[in-house]
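Since the structure comes first, as C-alpha cells, the remarks are kept for the end.
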Ligand SMILES: Nc1ncnc2c1ncn2[C@@H]1O[C@H](COP(=O)(O)OP(=O)(O)OP(=O)(O)O)[C@@H](O)[C@H]1O
Ligand SMILES: [Mg+2]
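Chains as they are written, first to last, in the numbering used here: chain A, 1 to 254; chain B, 1001 to 1256.
Encoded structure:
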C-alpha cells in the first residue's frame, strides 16, 4: 500500500500540492485526473522520491520514505517502474540499451538474456524487435512513448507509475496500451498509478479514479461512481466542457 | 549582495556534496572503467588537435618575442630556450590547455548533462536504480583528471618544439644551444609544478561543468545559460586559482 498524507509542495509562489491525501491499495489500478498544471506529475515524482514534500508523509508498504536518501531510497525505488511524461529515453543509447538499462542493477537474473527481454517487451508495446538497434532520435513521438513504457516494465516492478501512457498514440494503439496495463495487473498483480487525460482509457483500466483540483483530491471513487458522479467538478472534467466551476487560466480570444 | 553571498554559499555546499558522492562512489569501486575510458578517448580526440596547435604557436611566439627583445638588449638572442621552456612548462602549457578544455570539454559536459536534466533523463537514471553521480560524474572526473596533465605535458613538448623552430630557423640559434638552455633551466621540479596545476585545473573544469549541468533548469534556454556560465566560471577560477596554486606549490618547494 502506498499512502500519501497531507502532502504540501510549493514552487516559489506556486502552491501546487496543498495537503493532499491519497491511499493506493495493493494490486489496484488508480487513475489521477486533473487539469494541465494541476500537479499530477509532481505527485508521481513524490511517490518515487524524485521530489521531496515541504510537508506531509509518504509511506510505501508502511516504510516512511519521506526523508529517505541515497541507497535506502534506491532500495524502495527498485520496486517502481516510472513512465515519464516526455519519455526521458537516454538519447546516447540505442532503444535496446534503453530498455535493458535497469536490468543490470535491478534484475541481474534477467540481465544475461537481455536481448530476449528487449524483444519481448517491445512486442508487448506493439513494436517490432528490429527497432532495438535504433537511437531514440530516429523514432516517432508515439514510438518513443512506447519504448519508454517498455523500459519502465522491463524489470517487472511491482508498482508502475504511468504519466500519460496513451497521449500521442492513435486510438487503436491506445487500446493496445490499455490492454497491456490491464494484463500486467492481472498476470503479475502490479499496482498501477496512471495519470491521464484520456477518459476512455481511464474508465477502461481503472479500479478507482481520483480527481486532483487545487492541490487536493476532491473526488475519489470507482470508475462507475466517477462516471455517474453528480459533482460539478467531476462532470465538467469528464465531459470536457470549458463551462463550469473549473476556470482554466486561458484568456479566450474575443 | 546578501542574496549573492547566500547563493555562493549554497553552491559551495552543493559542490561539496557532489565531491563527497563522487569520492564515495570512487572509493567503493562503484565506477565503470569502460565509461571512464570512453570519456578519456573523447577528451583526447576532441582536444588534442586544438591543444597542439595553440601550444605550437605559443612556443613560436615566445621564441620570437624573447629572441628579438634580447637582440635589442644584448645584440644576440640569449636564453631563448630557457624563456620558452620555463614559461611553457610552468605556466602556459597548463593554463592554455585548461582554457581550451574548459571551452571544448567543459562546455560539452554541461550541455550534455543539462539536456539530460531538463528532459528528465537524470530522473530516469534514479528510477532505474542508477546513481547519476556514479554513472555520469565519476567517469568524467576520472577522465578529466587523468587527461589534463597528459594533454598539458604534450602541450609543453609541442610548444618547446615550436620555440625551437623559430629559434633555429629565424633567430639562427644553433640547435645544440637551444636544447642545452631548455634542459639546464627546466628541471623535473618545474615540470611537476606545471602538471600538478594542470591536474587541479582539470578538477576545476569538471566540477564546474558537472555542477552546472546537474543543477540547470528551464529548458533549452537554461541549458545554454548554464553552458556559458560553466565556461566563464571555469576560466575565472583557473586564472585566479593559478596564482594561489603557484604560490602554494613554490612555498612547499615544488618549482621555485
Ligand atoms: N521542478 C519544478 N520547478 C518549478 N515548478 C515546477 C516544477 N515541476 C512542476 N512545477 C510546477 O508545478 C505545477 C504542476 O506541474 P505538473 O507537471 O505536476 O503538472 P501536471 O498536472 O502534470 O500537468 P500536465 O497535465 O500538463 O502534465 C506546474 O504549475 C509547474 O509549473
Ligand atoms: Mg504532467
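Don't be surprised by glycine CBs; every beta carbon is placed ideally from N, CA and C.
It should be emphasised that the depicted structure is a prediction, and the values quoted were computed from it without experimental measurement.
Same chain, Cβ closer than 8 angstroms to residue i, five either side skipped, listed in chain order
i: residue 141 of chain A; result: 168
i: residue 1126 of chain B; result: 1132
i: residue 1161 of chain B; result: 1056 and 1059
i: residue 149 of chain A; result: 83, 125, 162, 165, 177 and 180
i: residue 192 of chain A; result: 28, 29, 30, 159, 160, 161, 162, 181, 184, 185 and 205
Residue i, DSSP secondary structure in three states
i: residue 1121 of chain B; result: helix
i: residue 80 of chain A; result: strand
i: residue 212 of chain A; result: strand
i: residue 2 of chain A; result: strand
i: residue 162 of chain A; result: strand
i: residue 1090 of chain B; result: helix
i: residue 1172 of chain B; result: coil
i: residue 1040 of chain B; result: helix
i: residue 14 of chain A; result: strand
i: residue 57 of chain A; result: strand
i: residue 20 of chain A; result: strand
i: residue 1001 of chain B; result: coil
i: residue 9 of chain A; result: strand
i: residue 31 of chain A; result: strand
i: residue 219 of chain A; result: strand
i: residue 264 of chain A; result: With chain A represented from 1 up to 254, any question about residue 264 of chain A goes unanswered, as that position is not in the structure.
i: residue 198 of chain A; result: coil
i: residue 1073 of chain B; result: helix
i: residue 62 of chain A; result: coil
i: residue 1034 of chain B; result: helix
i: residue 157 of chain A; result: coil
Within-7 angstroms CB hit, residue i to chain B
i: residue 48 of chain A; result: yes
i: residue 98 of chain A; result: no
i: residue 5 of chain A; result: no
Cβ neighbours of residue i in the same chain (closer than 7 angstroms, five flanking residues each side left out)
i: residue 60 of chain A; result: 2 and 76
i: residue 1115 of chain B; result: 1223
i: residue 1185 of chain B; result: 1082, 1085 and 1086
i: residue 340 of chain A; result: The requested residue 340 of chain A is not part of the displayed model; chain A covers only 1 to 254.
i: residue 73 of chain A; result: 49 and 65
i: residue 201 of chain A; result: 166, 174 and 178
i: residue 1012 of chain B; result: none
i: residue 1138 of chain B; result: 1022, 1025, 1026 and 1031
i: residue 1198 of chain B; result: 1094, 1097, 1098, 1148, 1149 and 1152
i: residue 1201 of chain B; result: 1094, 1098, 1148 and 1238
Cβ of residue i within 7 angstroms of any chain A Cβ
i: residue 1128 of chain B; result: yes
i: residue 1121 of chain B; result: yes
i: residue 1143 of chain B; result: no
i: residue 1226 of chain B; result: no
i: residue 1174 of chain B; result: no
i: residue 1107 of chain B; result: no
i: residue 1111 of chain B; result: no
i: residue 1124 of chain B; result: yes
i: residue 1254 of chain B; result: no
i: residue 1003 of chain B; result: no
Neighbourhood of residue i by C-beta distance below 6 angstroms, restricted to the same chain and skipping five residues each side
i: residue 1089 of chain B; result: 1156, 1186, 1190, 1191 and 1194
i: residue 205 of chain A; result: 29, 178, 181 and 182
i: residue 95 of chain A; result: 131, 132, 134 and 147
i: residue 139 of chain A; result: none
i: residue 100 of chain A; result: 114 and 118
i: residue 45 of chain A; result: 51
i: residue 254 of chain A; result: With a pLDDT of 45 at residue 254 of chain A, under the threshold of 50, the modelled position of this residue cannot be trusted; read the value that follows with caution. If we look at residue 254 of chain A and ignore the five residues flanking it on each side, it has no Cβ neighbours.
i: residue 121 of chain A; result: 99, 150 and 154
i: residue 6 of chain A; result: 19 and 56
i: residue 199 of chain A; result: 238
i: residue 1050 of chain B; result: 1100
- Do the region 98-115 of chain A and the region 140-158 of chain A meet, that is, are 3 or more Cβ pairs less than 8 angstroms apart? yes
- Query: the region 71-89 of chain A: which residues have C-beta closer than 7 angstroms to a C-beta of chain B, in chain order?
  - Reply: 74, 77, 78, 80, 82, 84, 86 and 88
- Is there contact here, the region 1026-1034 of chain B with the region 1134-1143 of chain B, by at least three beta-carbon pairs under 8 angstroms? Contact between the region 1026-1034 of chain B and the region 1134-1143 of chain B is present, because at least three Cβ pairs lie under 8 angstroms.
- For the region 99-122 of chain A, enumerate the residues whose C-beta is nearer than 8 angstroms to any C-beta of chain B, in chain order. 101, 102, 105 and 106
- Mind the definition here: the region 78-87 of chain A touches the region 1103-1111 of chain B only if three or more C-beta pairs lie below 8 angstroms; say whether that holds. no
- Item | Three CB pairs or more closer than 8 angstroms across the region 1163-1178 of chain B and the region 1227-1245 of chain B | no
- Query: Quick check: the region 1201-1214 of chain B against the region 1224-1232 of chain B, are there 3 or more CB pairs under 8 angstroms?
  - Reply: yes
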